[in-house]
Amino acid sequence: MKALVCIGHVPDTTSKIKFVNNNTEFDTSDIQYIVGPYEELGLTRLLDLKTAGLDLHITVANVGVQETEATLRKALAMGADDAVRVNAAPKDALFVSKQIANIFKQADYDFVLTGKESIDYNSGEVDGMIAEFLGITSVSGVSKFDIAGNTAQMEREIDGGKEIISSGFPFVVSAGKGFAIEPRIPNMRGIMSARTKKITIVEPENIEDATSTVKFHTPPPRPACKKIAPDNVEELVRLLHEEAKVI
Amino acid sequence: MNFDLSDEHILIKNTVRDFAEREVKPLAKQLDERGQFSVDLTRKMGELGLFGLYLPEKYGGQNSDVLSYIIAVEELARVDSSQAATLAAHNSLGIGPIYYYGNDKQKEHYLPMLCTGDALWAFGLTEPDAGSDSRGSKTFARLENGEWTINGSKIFITNGASSVAMGATVQAVSGNIEGKKEFSAIIVDRGTAGFTQIPMHGKMMWRASDTAELYFDDCRVPEENLLGQRGQGSKIMLSTLDNGRLSIGAMGLGLAQGALEMAVKYSKERKQFGKPISTFQAIAFRIADMATKVETARNLLYKACWLKDSGRVFGKEAAMAKYYCSEIAKSVADDAVQIHGGYGLMKDYDIERFYRDQRLLQIGEGTSEIQKLVIARKILE
């Protein structure tokens, strides 16, 4: 069985977010990049299945320039078998989805795994778009995942409960919280063996831009904390109702 | 000239940092308070592949360069000196002599086991009356009928007595040639009759690392347990210390980095006179000094690693790095306590543990004074 796992190259969660060029571009200076946390959980679960005996070949892929290879190497160090990098700066979800769908068509993959959303632009669109390009099933925001024979069993949170989904192959699944308990830390052997694992570089299929960024706005600074005397319950209720508007 | 770490070094740094934050940090305070060595954490470090990192794969190692190993020690020390000590002592002092001086049979027998995290190895040099003057060693080994009989004792031996402490390389006086002591290094396995391993308690620092006294009472081991050549013991031990200097330097650097980060975080959160104390120049200047020392220490240590990885002479730079990293660990930890004020004196705050842990660094594996002696000799020779 073959899995194609999308690996987001995203800023470390502790990064300071700034914009340049009249607030139309993300300032990448001094940014440390990591594997997207949801993709990391997804990859961890697949590696766990593999460790448990599932015959699974895992190819990790991303759309990105040469600098993103360090992020792919991390995924290879965790245990993925090989990697594909589409040599282009990712423009938007449509562009990325098209490239991943093209990779899928090049080999006999059984399913695609993405994170439920990237933690930088948070679009949450890529999984659905890949499925649309390929004309296959898509299941988003999955919190539990298993493979038994020719079927994948998935579980996800829905309003007021859980949904249990069973799907044949192929499909696209996006991993959410719970997909694995915690991301796998690569061991030193994995890091050293990642040196020799293959990263195939492919050129992108250029498609017309579907979107362009007009401007980014940073959220307003968080207002200072208001302290209310313990005996002034009326004032607390008034502020929660009129200012915070939470009751 | 390029000061960038390679992608692989960055990956190792981030990996060990994740491990230290996830596995070590939650336990560090409790283990320190109890003075408890953790077999479980040692095994986890083994599973991560941190033991024997620089050994060839055929012995169970990862074939890494020295800088990778030093970065691993640095990242552990950023969170907990005790675990970093277990790692540094085992790799540099435990595995080092066997790898560099052992014969094929000894390497094949010991090294794979020592890379797993299930077995640690000690370096028996220091004695109650022989510290900086290692030639003052009184432990004696007599060769008779194909056996070494060892008598004497060792003290302050890291990884010497826990349930996974599987033995030691011991320096002993093996003879007397023209009035001069002849030293040899001899391998002694756990469980050998006459070999006793006793844990030492009541330490001020590194309380969760295993420190031991080793006793040899008519302890007999086969002649083939000799490591290297007869009479080579002092050279083996001192060259091992040369290599160990880099890892002790990494412990100082990591501790200083951790202390700096704590001080920065606290100074931004702590408010006095209505403002975070980081906005006061007295605090800001102190932090600037601390950060400059950490950066300088890192450059010096990494350069020494680069020299060793390039196969060049690195003894002077290793001594400089050990000396400087240890000394700035002291001053940076002290500054960090000062920034924490009264809270820095309380066990609830990790900086209190860091302040204690740094104190060994200017003493262990060659005092600061010995490092200066080494540096001066290299310059003045």
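Residue numbers (numbering that gives the first Met the number 0), protein chains in the order written: chain A, 0 to 246; chain B, 0 to 380.
Just so you know, even glycine gets a beta-carbon here, dropped at the ideal spot from N, CA and C.
Here residue 240(A) is exposed. Its C-beta has fewer than 16 other C-beta atoms within 10 Å.
Closer than 8 Å to the CB of residue 186(A) there is at least one CB belonging to chain B. Contact residues of the segment 59-77 of chain A toward chain B are 68, 69, 72, 73, 76 (C-beta to C-beta distance below 8 Å). In this structure, residue 278(B) lies away from residue 215(B), with their beta-carbon atoms at least 8 Å apart. Taking residue 236(B) as the centre and dropping the five residues before and after it, the same chain places the C-beta of 96, 122, 124, 133, 170, 182, 184 closer than 8 Å to its C-beta, in chain order.
Beta-carbon to beta-carbon, residue 177(A) and residue 37(A) are separated by about 10 Å, too far to satisfy the 8 Å threshold. When the five nearest sequence neighbours on each side are left out, the beta carbons in the same chain lying within less than 7 Å of the beta carbon of residue 71(A) are those of 6, 59, 61, 82, 84, 198, in order along the chain.
Contact between the segment 73-93 of chain B and the segment 27-46 of chain B is present, with at least three C-beta pairs closer than 8 Å.
For residue 323(B), the uninterrupted alpha helix (DSSP H) run begins and ends at 314-339, by DSSP. For the segment 14-29 of chain B, the set of residues with a beta-carbon nearer than 8 Å to any beta-carbon of chain A comprises 14, 17, 18, 21, in chain order. Look at the segment 129-167 of chain A and you find no whole run of alpha helix (DSSP H) that is 4 residues long or longer.
If you look at residue 342(B), you'll find it isn't in any alpha helix (DSSP H); DSSP assigns it neither H nor E.
For residue 114(A), the enclosing beta strand (DSSP E) covers residues 110-114. Counting along the chain, residue 188(B) sits inside the beta strand (DSSP E) bounded by residues 179-188.
Classified as exposed, residue 236(A) has fewer than 16 neighbouring CB atoms from the shown chains inside 10 Å of its CB. Below 8 Å, enough C-beta pairs join the segment 345-361 of chain B and the segment 198-207 of chain B to call them touching: three or more. In the three-state scheme derived from DSSP, where H, G and I count as helix and E and B as strand, residue 227(A) is classed as coil. Contact between the segment 144-160 of chain A and the segment 17-36 of chain A is absent, with fewer than three C-beta pairs closer than 8 Å.
Counting every other CB atom within 10 Å of its CB across the protein chains shown gives residue 244(B) a total of 16 or more, marking it as buried.
Taken in chain order, the unbroken stretches of beta strand (DSSP E) that lie wholly in the segment 172-248 of chain B and span 3 residues or more are 179-188, 194-198, 210-221.
Listed as beta-bridge partners of residue 32(A) by DSSP are 10(A).
Per the coordinates, the alpha-carbon of residue 343(B) lies some 51 Å from the alpha-carbon of residue 2(A). Pairing residue 152(B) with residue 213(B) gives a Cβ-Cβ distance under 8 Å. Bridge partners of residue 141(B) according to DSSP: 148(B). Identification of residues in the segment 43-70 of chain B having a C-beta nearer than 7 Å to some C-beta of chain A yields 46, 47, 48, 49, 52, 61, 62, 63, given in sequence order. Within the DSSP bridge table, the entry for residue 83(A) names 60(A), 199(A) as partners. Straight-line spacing of the CA atoms in residue 26(B) and residue 217(A) works out to 38 Å. Within chain A, the residues 69, 72, 73, 76, 185, 190, 193 have their CB atoms less than 9 Å from the CB of residue 10(B), given in chain order. Along the length of the segment 54-126 of chain B, whole alpha helix (DSSP H) runs at least 4 residues long occupy 65-76, 80-87, 95-100, 103-113, reported in chain order. Sorting 140(B), 86(B), 364(B) by C-alpha distance to the C-alpha of residue 114(B) places 86(B) at the top. For residue 106(A), no beta strand (DSSP E) segment is defined, and its DSSP state is neither H nor E. Rounded to whole angstroms, the Cβ separation of residue 239(B) and residue 92(B) is 6 Å, and the two are in contact under 8 Å.
Collapsing the DSSP output to three states places residue 251(B) in a helix. Residues 285, 343 of the same chain have their beta carbon placed closer than 8 Å to that of residue 337(B), with the five preceding and five following residues left out of the count. About 7 Å separates the beta carbons of residue 365(B) and residue 321(B), which is inside the 8 Å limit, making them a contact pair.
Distance from the CA of residue 376(B) to the CA of residue 300(B), rounded to the nearest whole angstrom, comes to 20 Å.
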